[in-house]
Ligand code: SF4
């Protein structure tokens, strides 16, 4: 298998009603230790032959087992580990093939005489007789991808890309580079989808996640010491999604209760206290030892946002504070105690699809919104990208 998101993989997975049903059968066939072998080899550097030559089903099961585990922590070092190991496995296979048809990118062959001679002379250096046939093969534009598909994957410069009649023309290495981008995006998309289903996944996946996490911590030891991970940490307002920034700025009367009590309360509390909840049934008392974080860091932000509404929410509806505690899981009260947590449900931030329906004025997506389905995963993703950027900066300075 060349691409676990490609055409062949999709064809095989059609046997299952949905991705959930596929994840349900994996534990019957694949031992946790075997699933971990798919990332463990990174320590020694060489991909075992039995992984490279695995048949399609074994390959898909190994890969999707790891994706299922990532549902418990969508943006963290575990995802980076799974991405790194699997990208190398699939790239090794892709490097050896001439047939890219089963990849997830829609590629068309380039016909003879399709590209004007004068352009070919420049791009493929046709007049340079000293170029070896292997090197010439590398720079030959053999593939084309619809420009809109190309642009949706490639956010970098177009300087070295030949574009003509709505297509991007690519040589072999450009195509493989584009595939890498599509693999990363598909992986993110799949993990975001599974994040929504994590409460329904068998125990196997949380066990696999815990073991994966140990390996990831070891693998990224240096970076973890430097920048920490997506566990509880002070809020980074600059990394919030647009809907949360709008709610923080205050909203008009018809939107106030939804924006402040439902969205902001759930988002800020999970983002600050438990950004990576193992399930949606978690209680605040499972995550903190006293209420000071809520009283000093979360409530003041909610109250200030309420005061920015017009008219100010808590002046108008003083009892709404009790409702905030209710949404935090303490029941309808103004004098909560930590042990009360779990009296009501600690509301999880609503998914983007719900926000779009219930409060469309709050949803003004930016370019990062296209990867996620929930404002909290937007924030987790940005934290993850930020920590990656910082660690890359540190590596350069060493
Ligand atoms: S797409 Fe989601 S995260 Fe982005 S602004 Fe809309 S609701 Fe918020």
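Residue numbers (the UniProt record's numbering): 1 to 398. We put the beta carbon where it would ideally sit given N, CA and C, even for glycine. Keep in mind it's a predicted model, so treat the numbers as computed, not measured.
- When DSSP reads this structure, residue 252 sits in a beta bridge with 310.
- When secondary structure is reduced to three states using DSSP, residue 372 falls in the coil class, being assigned neither helix nor strand.
- When DSSP assignments are scanned along the segment 88-150, the uninterrupted stretches of beta strand (DSSP E) that are 3 or more residues long and fall wholly within it turn out to be 143-146.
- Following the DSSP letters along the chain, one finds residue 164 in no alpha helix (DSSP H) but inside the beta strand (DSSP E) bounded by residues 162-164.
- Straight across, the Cα-Cα distance linking residue 171 with residue 54 is about 28 Å.
- By the CB criterion at 9 Å, residue 271 and residue 385 fall outside the cutoff.
- With a beta-carbon spacing of about 7 Å, residue 262 and residue 350 fall inside the 8 Å limit used to define contacts.
- Secondary structure at residue 67: helix, using DSSP grouped into helix, strand and coil.
- Counting along the chain, residue 204 sits inside the alpha helix (DSSP H) bounded by residues 203-219.
- Sorting 68, 294, 253 and 91 by C-alpha distance to the C-alpha of residue 202 places 68 at the top.
- In the displayed model, residue 29 falls within a helix according to three-state DSSP.
- In this structure, residue 155 lies away from residue 381, with their beta-carbon atoms at least 9 Å apart.
- Rounded to the nearest whole angstrom, the CA to CA distance from residue 246 to residue 240 is 10 Å.
- For the options 219, 309 and 264, the alpha carbon positioned closest to that of residue 76 is the one of 219.
- Residue 9 carries a helical assignment under DSSP once its states are collapsed to helix, strand and coil.
- The beta carbons of residue 255 and residue 359 sit about 6 Å from each other, so the pair counts as a contact at 8 Å.
- Taking the Cα of residue 249 as reference, the smallest distance to any Cα among 73, 311, 118 and 173 is reached at 311.
- Contact between the segment 193-211 and the segment 72-86 is established, with three or more Cβ pairs separated by less than 8 Å.
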